[in-house]
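Take the sequence shown: its position 95, counted from the start at 1, is 95 in the UniProt record's numbering, and no numbers get skipped.
Positions of the beta carbon are idealized from the N, C-alpha and C atoms, including for glycine.
Report on one structure; see the data block that follows.
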Amino acid sequence: MNKLKQTIKIITPDTTISTQDRGLNYGDGFFTTASVMNSVVEHWDLHKARLDECAQRLFFPELDLTAIEREVNHAISDTQTGILKIVVTRGAGGRGYGLPNTPSIQVLISTMPAVSHYKSWQQQGANLEISDVKLAHQPLLAGLKTLNRLEQVLIKKQMSSLECDDVVVLDYDNNVIECSTANIFAIKDGQVISPKLDRCGITGVYLSALCDKLAIEFKAIQLDELLAMDAVFMCNSLMGVVPVARIADTQFDIECSKALLTAQFAKESV
Numbered sequence: 001m002n003k004l005k006q007t008i009k010i011i012t013p014d015t016t017i018s019t020q021d022r023g024l025n026y027g028d029g030f031f032t033t034a035s036v037m038n039s040v041v042e043h044w045d046l047h048k049a050r051l052d053e054c055a056q057r058l059f060f061p062e063l064d065l066t067a068i069e070r071e072v073n074h075a076i077s078d079t080q081t082g083i084l085k086i087v088v089t090r091g092a093g094g095r096g097y098g099l100p101n102t103p104s105i106q107v108l109i110s111t112m113p114a115v116s117h118y119k120s121w122q123q124q125g126a127n128l129e130i131s132d133v134k135l136a137h138q139p140l141l142a143g144l145k146t147l148n149r150l151e152q153v154l155i156k157k158q159m160s161s162l163e164c165d166d167v168v169v170l171d172y173d174n175n176v177i178e179c180s181t182a183n184i185f186a187i188k189d190g191q192v193i194s195p196k197l198d199r200c201g202i203t204g205v206y207l208s209a210l211c212d213k214l215a216i217e218f219k220a221i222q223l224d225e226l227l228a229m230d231a232v233f234m235c236n237s238l239m240g241v242v243p244v245a246r247i248a249d250t251q252f253d254i255e256c257s258k259a260l261l262t263a264q265f266a267k268e269s270v
């Protein structure tokens, strides 16, 4: 694909977007959210790879990642610790759902303060319930972080009536897929396991980074199998790794969980 002109905007209170933008009208776009530490985007290469993969699989023109990186560096120059969000839309154009012949790519860059409660989760563990909202299968979109997030909106709405930190989300075959805003992985008998995400779910950047440090087996996991794991964890780019203390009525010893994970890192570093 050829690189087309793209408009890159650093979001300010005065930033405007066309009411005809396809991202606004159809969710025609994708995004990534990254942690900023010491004015550096953590796992930046993996975030760029995510943007590139989304563009290719959604038939966007090739992104000018060099220009995006330049504007990202400008946006975070005064951010010691915080969050970076990059939203990419196909812009305005096309008739109805039909793709425009020459899309006007819009790249929206914003920063925000870091989330404070993740540190306590890392220390004390997270308490999870089971979501009643299940994920539909769409292999063409599986793994991608698109702007179509209505399932997650409904999951969060149901979560608001529960006493928990997050929820385990299943698909319609009752396979464990992820949490509302994080991937999930577990340890059983010395093996690190994570749900297969070939039909739905989001492949998180932090989970991808962990694959360089841990031998993770991706497979279908039923809920009863998850509850029988020796340790369960959540992860994403903002929270890092968080041990799970409880799923519904099943308790996990988080100190044991932390020790098991430390042993896995040590084993893979040898």
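| query | result |
| --- | --- |
| Would you check if there are 3 or more beta carbon pairs closer than 8 Å linking the region 48-55 to the region 23-38? | yes |
| Pop quiz: F185 and I216 are said to be a contact at Cβ under 8 Å. What is the actual Cβ separation, rounded to whole angstroms? | 6 Å |
| When burial is assigned at 16 or more other CB atoms within 10 Å of the CB, is Q6 buried or exposed? | buried |
| Please go through the region 48-123 and give each complete beta strand (DSSP E) segment of 3 or more residues, from N-terminal end onward. | 81-89 and 105-112 |
| Taking only the alpha-carbon atoms, compute the straight-line gap between L84 and K145 and give it to the nearest angstrom. | 15 Å |
| Can you round the beta-carbon distance between M142 and C200 to whole angstroms, since I take them to be within the 8 Å contact cut? | At residue 142 the sequence reads Ala, which differs from the Met that was named. That pair is a contact at about 5 Å. |
| Mark E268 as exposed unless 16 or more other C-beta atoms lie within 10 angstroms of its C-beta, in which case mark it buried. | exposed |
| Cα separation between residue 272 and R95? | Since the displayed the chain opens at 1 and closes at 270, residue 272 lies outside it and no answer follows. |
| Drop a sphere of 10 angstroms on the beta-carbon of A136, count the other beta-carbons inside from all chains shown, and report buried for 16 or more, exposed for fewer. | exposed |
| Hey, how far is the Cα of M234 from the Cα of D189? | 19 Å |
| Can you tell me the Cα-Cα spacing of D253 and V107, whole angstroms? | 43 Å |
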